[in-house]
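*Asks:* My questions all concern the structure below.
Protein chains: 2
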Amino acid sequence: MPFLMLKDLPRYECLLEAAKKFPDLDPSAAEVFLNLLRTGDEVFRVVENNFTKHGLSQGRFGVLMLLARSSRTEGEGKSEATCLPPGPLTPAELADAAGVTRATMTGLIDTLERDGFVKRESDPADRRMMPVKLTPKGRKLIEDILPGHFRIISAVMGSLNETERKTMVRLLNKILQQASGLTPSEAAHSGHDHRN
Amino acid sequence: MPFLMLKDLPRYECLLEAAKKFPDLDPSAAEVFLNLLRTGDEVFRVVENNFTKHGLSQGRFGVLMLLARSSRTEGEGKSEATCLPPGPLTPAELADAAGVTRATMTGLIDTLERDGFVKRESDPADRRMMPVKLTPKGRKLIEDILPGHFRIISAVMGSLNETERKTMVRLLNKILQQASGLTPSEAAHSGHDHRN
DNA sequence: CTTTTTTAATTAGGCGCCTAATTGTCAGCC
DNA sequence: GGCTGACAATTAGGCGCCTAATTAAAAAAG
Numbered sequence: 616m617p618f619l620m621l622k623d624l625p626r627y628e629c630l631l632e633a634a635k636k637f638p639d640l641d642p643s644a645a646e647v648f649l650n651l652l653r654t655g656d657e658v659f660r661v662v663e664n665n666f667t668k669h670g671l672s673q674g675r676f677g678v679l680m681l682l683a684r685s686s687r688t689e690g691e692g693k694s695e696a697t698c699l700p701p702g703p704l705t706p707a708e709l710a711d712a713a714g715v716t717r718a719t720m721t722g723l724i725d726t727l728e729r730d731g732f733v734k735r736e737s738d739p740a741d742r743r744m745m746p747v748k749l750t751p752k753g754r755k756l757i758e759d760i761l762p763g764h765f766r767i768i769s770a771v772m773g774s775l776n777e778t779e780r781k782t783m784v785r786l787l788n789k790i791l792q793q794a795s796g797l798t799p800s801e802a803a804h805s806g807h808d809h810r811n
Numbered sequence: 616m617p618f619l620m621l622k623d624l625p626r627y628e629c630l631l632e633a634a635k636k637f638p639d640l641d642p643s644a645a646e647v648f649l650n651l652l653r654t655g656d657e658v659f660r661v662v663e664n665n666f667t668k669h670g671l672s673q674g675r676f677g678v679l680m681l682l683a684r685s686s687r688t689e690g691e692g693k694s695e696a697t698c699l700p701p702g703p704l705t706p707a708e709l710a711d712a713a714g715v716t717r718a719t720m721t722g723l724i725d726t727l728e729r730d731g732f733v734k735r736e737s738d739p740a741d742r743r744m745m746p747v748k749l750t751p752k753g754r755k756l757i758e759d760i761l762p763g764h765f766r767i768i769s770a771v772m773g774s775l776n777e778t779e780r781k782t783m784v785r786l787l788n789k790i791l792q793q794a795s796g797l798t799p800s801e802a803a804h805s806g807h808d809h810r811n
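First to last, the protein sequences are chains B and V. In this note's numbering, each residue carries its 1-based index in the first sequence increased by 615. In this note's numbering, each residue carries its 1-based index in the second sequence increased by 615.
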């Protein structure tokens with residue numbers, strides 16, 4: 616999540632000091648904000664670092680995961696373990712599930728296909744569709760990576776007990792809810808909507 | 616923090632189910648992990664969205680902030696409100712403070728200078744140095760953006776009370792500590808950094 | 001049936017981030 | 001003096017992400 620966050624966060628006293636010049640600055644809110652992005656960045660780097668060893672990135676890994684989750688239940692009736700519909704997925708479905716644009720997904724699939732991890736097929740029923748399938752090589756890669764990936768996640772969260780984990784999830788979701796309400800382009804100011 | 620995280624996180628039951636196939640998967644750890652990255656991503660998008668309206672990005676904003684914090688105290692003795700040494704900063708100092716490589720910083724300064732927000736100067740004492748200074752235009756931009764930026768942060772964190780904010784910061788720091796120990800540069804013994 | 005609209009995927013072009021290699025400068029040592 | 005190593009900044013090339021424009025095909029409207 617390379618987003619240029621400060622390596623060394625300002626101390627809380629600095630935020631208090633800065634708030635004197637900026638009445639809109641809420642020191643404790645800013646502190647949570649900075650720590651959230653800083654920690655997210657660091658955790659992101661740790662897992663991405665692991666992917667790099669296998670020639671992947673977070674984005675490429677995400678695509679393979681979605682495909683693996685989808686195709687694991689192929690032929691079986693339900694998708695209990697994957698919570699995803701079975702069968703190959705289209706670039707549009709992958710983009711929506713991953714939260715990136717379709718143009719971005721095209722690029723990801725391009726390189727994944729070039730490296731032999733996935734394969735584009737054609738849908739006879741609708742020739743606009745280009746369903747994507749995992750190749751055996753891609754399946755092997757994801758299965759090789761996953762155990763280590765899970766161990767890393769477990770290690771990173773290892774200092775939190777179950778109660779703390781529940782608390783984290785609850786508070787993160789509160790923030791996510793608030794942020795999601797502000798995502799649609801210009802809901803910037805608190806409460807005022809001046810669209811023409 | 617565009618890192619391709621799942622738009623809809625797997626439900627906890629799905630993680631439990633998946634753990635049957637992967638003994639290394641710790642469901643509650645994975646849940647915190649997914650929520651952390653998802654929330655970080657969303658918050659990142661909200662603030663970045665605001666920057667975009669002013670023709671900035673998170674990275675460009677970060678550089679301007681560092682320069683503003685540094686130059687605000689120029690001439691005065693201390694840097695209480697900024698916690699940064701006064702005067703212009705070199706690309707290397709900016710890169711270290713921002714947590715990006717020097718090559719990345721060169722690119723950021725390139726576009727910021729092209730747009731007239733900063734200016735490269737030359738250091739007569741050491742001609743390798745190219746200290747960067749904020750232009751009046753750059754200073755005006757950052758001062759125009761900051762109030763809205765602070766209001767957005769305040770709004771995003773608005774649903775957390777002071778106790779919850781303290782808890783978040785404490786738990787995030789626990790995670791950050793663990794994660795920092797797993798980054799390769801410091802993870803190896805002796806903490807020496809061979810980058811560059 | 002033909003035209004228009006919608007939709008899937010891609011292309012084109014830009015920025016931010018990276019690593020590796022390069023250029024220019026300083027500093028130490030013969 | 002001249003050589004060598006360290007360091008600042010940059011360049012070159014790649015990936016991931018974006019928006020806007022394009023192409024092709026299906027669906028809807030006349």
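Ideal Cβ placement from N, Cα and C applies to all residues, glycine included.
Within its chain, find whatever has a CB closer than 6 Å to the CB of F676 (chain B); leave out the 5 residues flanking it on each side and keep chain order.
*Replies:* F666
*Asks:* Just reading off the beta strand (DSSP E) that R785 (chain V) is part of, what are its end residues?
*Replies:* Counting along the chain, R785 (chain V) falls outside any beta strand (DSSP E), though it belongs to the alpha helix (DSSP H) covering 777-795.
*Asks:* Would P746 (chain V) pass as a contact of T705 (chain V) if the rule is Cβ separation under 8 Å?
*Replies:* yes
*Asks:* Applying a beta-carbon distance threshold of less than 8 Å, which residues of chain B neighbour E779 (chain V)?
*Replies:* Contacts between E779 (chain V) and chain B, judged by CB atoms closer than 8 Å, involve L786, K789 in chain order.
*Asks:* With a cut-off of 8 Å, does the C-beta of P706 (chain V) fall near any C-beta of chain B?
*Replies:* Not closer than 8 Å to any Cβ of chain B, the Cβ of P706 (chain V) fails to qualify, so no.
*Asks:* Of the choices B:V784, B:T721, B:S795, B:T716, whose alpha-carbon is the least far from that of F648 (chain V)?
*Replies:* Ranking the options by Cα distance to F648 (chain V), first place goes to B:V784.
*Asks:* Of all the CB atoms in chain V, is at least one closer than 8 Å to the CB of G773 (chain B)?
*Replies:* Taking 8 Å as the threshold, the shortest C-beta distance from G773 (chain B) to chain V falls below it.
*Asks:* Please state if the CB of I767 (chain V) and the CB of V661 (chain V) are separated by a distance shorter than 8 Å.
*Replies:* Contact flag set, yes.
*Asks:* Thinking C-alpha only, which one of V:L630, V:Q793, V:L671 is nearest R729 (chain V)?
*Replies:* V:L671
*Asks:* Name the chain B residues that come within less than 7 Å of R653 (chain V), Cβ to Cβ?
*Replies:* The answer, in chain order, is L791.
*Asks:* What does L724 (chain V) reach in chain B if we use C-beta pairs closer than 9 Å?
*Replies:* A quick correction: the sequence has Ile, not Leu, at residue 724 (chain V). In chain order: nothing, as chain B lies at least about 13 Å away.
*Asks:* Per DSSP, which residues does R766 (chain B) bridge with? Please list them.
*Replies:* DSSP lists no partner for R766 (chain B).
*Asks:* Can you confirm whether A814 (chain V), when its beta carbon is compared against all beta carbons of chain B, has any partner nearer than 8 Å?
*Replies:* A question about residue 814 (chain V) goes unanswered here, because the residues of chain V that appear run from 616 up to 811.
*Asks:* Any beta-carbon of chain V closer than 8 Å to the one on V733 (chain B)?
*Replies:* no
*Asks:* Distance cutoff 8 Å, beta carbons only. Does D641 (chain B) sit that close to anything in chain V?
*Replies:* yes
*Asks:* Rounded C-beta distance between T586 (chain V) and V733 (chain V)? I'm assuming under 8 Å.
*Replies:* Since the first and last residues shown for chain V are 616 and 811, residue 586 (chain V) lies out of range.
*Asks:* Going along chain V, which residues have a C-beta under 9 Å from T782 (chain B)?
*Replies:* E779, T782, M783, L786
*Asks:* Among all the DSSP beta bridges, which residues are the ones paired with K748 (chain V)?
*Replies:* K748 (chain V) pairs with V:K734.
*Asks:* Specify the secondary structure class of L704 (chain V) as computed by DSSP and reduced to three states.
*Replies:* strand
*Asks:* Can you tell me whether A718 (chain V) is buried or exposed, with buried defined as 16 or more other CB within 10 angstroms of its CB?
*Replies:* exposed
*Asks:* Look up L624 (chain B) in the DSSP assignment and say whether it is helix, strand or coil.
*Replies:* coil
*Asks:* Closest Cβ-Cβ distance between E683 (chain V) and chain B: below 8 Å?
*Replies:* Just to set this straight, residue 683 (chain V) is Ala in the shown sequence, not Glu. Not an interface residue.
*Asks:* Can you find a CB in chain B that lies within less than 8 Å of the CB of V658 (chain V)?
*Replies:* yes
*Asks:* Secondary structure at P638 (chain V), three-state DSSP: helix, strand or coil?
*Replies:* P638 (chain V): coil per DSSP, three-state reduction.
*Asks:* Near G763 (chain B), which residues of its chain fall below 8 Å by C-beta distance, leaving aside the five closest residues on each side in sequence?
*Replies:* N665
*Asks:* With H, G and I counted as helix, E and B as strand and the rest as coil, what does DSSP make of S694 (chain V)?
*Replies:* Residue confidence is low: S694 (chain V) scores 46 on pLDDT, short of 50, so the model does not pin down where it sits. No coordinate-derived value is stated.
*Asks:* Could you give the distance in angstroms between the alpha-carbon of T726 (chain V) and the alpha-carbon of P625 (chain B)?
*Replies:* Here the alpha carbons of P625 (chain B) and T726 (chain V) stand approximately 26 Å from one another.
*Asks:* So, is K628 (chain B) buried or exposed, given that buried needs 16 or more other C-beta atoms within 10 angstroms?
*Replies:* Correcting the residue identity first, residue 628 (chain B) is Glu in this sequence and not Lys. So E628 (chain B) counts as exposed.
*Asks:* Select from B:L681, B:V658, B:S643 the residue whose C-alpha is nearest the C-alpha of N650 (chain V).
*Replies:* B:V658
*Asks:* Please name the residue in B:T778, B:Q793, B:K636, B:V771 whose C-alpha comes closest to that of L791 (chain V).
*Replies:* The candidate whose alpha carbon is nearest that of L791 (chain V) is B:V771.
*Asks:* Helix, strand or coil for L671 (chain B), going by three-state DSSP, please let me know.
*Replies:* coil
*Asks:* Determine the extent of the alpha helix (DSSP H) in which G714 (chain V) is found, giving its start and end residues.
*Replies:* Careful: G714 (chain V) lies outside any alpha helix (DSSP H) and carries neither H nor E.
*Asks:* Given L797 (chain V), which residues of its chain have a CB within under 8 Å of its CB, disregarding the five upstream and five downstream residues?
*Replies:* Cβ within range, chain order: n/a, list empty.
*Asks:* For a contact meaning CB atoms closer than 8 Å, what does A740 (chain B) contact in chain V?
*Replies:* Within chain V, no residue comes near A740 (chain B); the closest Cβ sits about 26 Å away, beyond 8 Å.
*Asks:* 8 Å is my cut-off, CB to CB: does I767 (chain B) come that close to chain V?
*Replies:* At least one chain V Cβ lies under 8 Å of I767 (chain B).
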